[in-house]
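Residue numbering for the sequence shown is 55 to 276, as defined by my numbering. Built from N, CA and C at the ideal position, the CB exists for glycine as well. Predicted, not measured: the structure shown is a model, and the values here were computed from it. Here the structure is laid out as structure tokens; the discussion comes afterwards.
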Amino acid sequence: MDVATIEHLRWGALQLILLIISIGLHEFGHAWAADLRGDPLPRLQGRVTLNPFAHTDPLGTILIPAVMIFLSPGFGIIGWGKPVQISLPNPKTRRADDIIITLAGPAMNVLLCLGFALIGVLTDASHNTAATSNIAQFLFLGILLNASLAAFNLIPIPPLDGSRLALRLGIYSEEIFQTLSRWGFFILLIAINIPGFNTVIMLMISPILWLSALIWPHLIPG
Numbered sequence: 055m056d057v058a059t060i061e062h063l064r065w066g067a068l069q070l071i072l073l074i075i076s077i078g079l080h081e082f083g084h085a086w087a088a089d090l091r092g093d094p095l096p097r098l099q100g101r102v103t104l105n106p107f108a109h110t111d112p113l114g115t116i117l118i119p120a121v122m123i124f125l126s127p128g129f130g131i132i133g134w135g136k137p138v139q140i141s142l143p144n145p146k147t148r149r150a151d152d153i154i155i156t157l158a159g160p161a162m163n164v165l166l167c168l169g170f171a172l173i174g175v176l177t178d179a180s181h182n183t184a185a186t187s188n189i190a191q192f193l194f195l196g197i198l199l200n201a202s203l204a205a206f207n208l209i210p211i212p213p214l215d216g217s218r219l220a221l222r223l224g225i226y227s228e229e230i231f232q233t234l235s236r237w238g239f240f241i242l243l244i245a246i247n248i249p250g251f252n253t254v255i256m257l258m259i260s261p262i263l264w265l266s267a268l269i270w271p272h273l274i275p276g
């Protein structure tokens with residue numbers, strides 16, 4: 055096995071581990087917020103935990119991302135976790151609760167970006183020094199992955215979080231939401247192949263990268 059193959063496998067494994075952790079914490083964010091808002095269902099189902107495997111979907115969190123990472127390098131990674139089920143028991147605050155719970159997932163990914171940036175500062179990691187280059191690359195990967203997860207999940211297409219926000223904010227009617235939900239996966243497959251889609255995602259993640267770079271100036275190689 056040559057050096058390039060070993061390096062590809064090493065970084066591929068790191069990407070997969072980061073993805074499992076990041077998706078797990080995204081779903082934990084939903085579950086924790088629901089628990090704080092008085093919804094007993096996530097705790098009853100064992101979802102209020104930092105254990106990423108409690109939030110893992112074998113197909114969406116492991117198998118499909120692994121195939122894309124190891125067999126289709128250079129392409130985007132598609133992955134998802136086990137959805138957190140909520141009951142929204144308080145009718146008086148149901149709309150506000152749902153908005154908070156929905157936003158908590160992407161917010162957790164943004165917090166992870168800032169956490170990786172803080173680690174970069176504390177370790178004085180830099181792309182420009184041999185001693186810390188690997189650390190800097192790992193942290194950059196973690197920030198880019200979580201910024202992408204936060205932005206992608208805000209797209210208003212079911213089953214992404216953005217579609218539920220659109221429903222609760224009155225942008226979608228219940229009828230439109232249900233119709234989109236039936237075709238959401240296929241709409242997403244078409245959308246991610248439209249020229250310019252990646253540009254839109256990059257525009258969405260730019261503020262997160264900028265904020266992370268304020269904490270860790272070495273985020274951007276230079």
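A straight-line Cα-Cα distance of about 26 Å links Ile153 and Phe251.
Beta-carbon to beta-carbon, His109 and Gly135 are separated by about 5 Å, close enough to satisfy the 8 Å threshold. Under the three-state reduction of DSSP output, Trp65 falls in the helix class.
CA-CA distance, Gly224 to Leu172, rounds to 37 Å. With 16 or more neighbouring CB atoms inside 10 Å of its own CB, Pro212 falls in the buried class. Cβ neighbours of Leu193 within its own chain (closer than 7 Å, five residues either side excluded): Phe170, Ile173, Gly174 and Ala179.
Using a Cβ distance threshold of 8 Å, Leu203 and Thr156 do not count as a contacting pair. For Asn105, no alpha helix (DSSP H) segment is defined, and its DSSP state is neither H nor E. Rounded to the nearest whole angstrom, the C-alpha separation of Arg149 and Ala120 is 37 Å. For Ile123, the enclosing alpha helix (DSSP H) stretches over residues Ile118 to Leu125. Of Arg91, Phe231, Asn247 and His80, the smallest CA-CA separation from Leu104 is found for His80.
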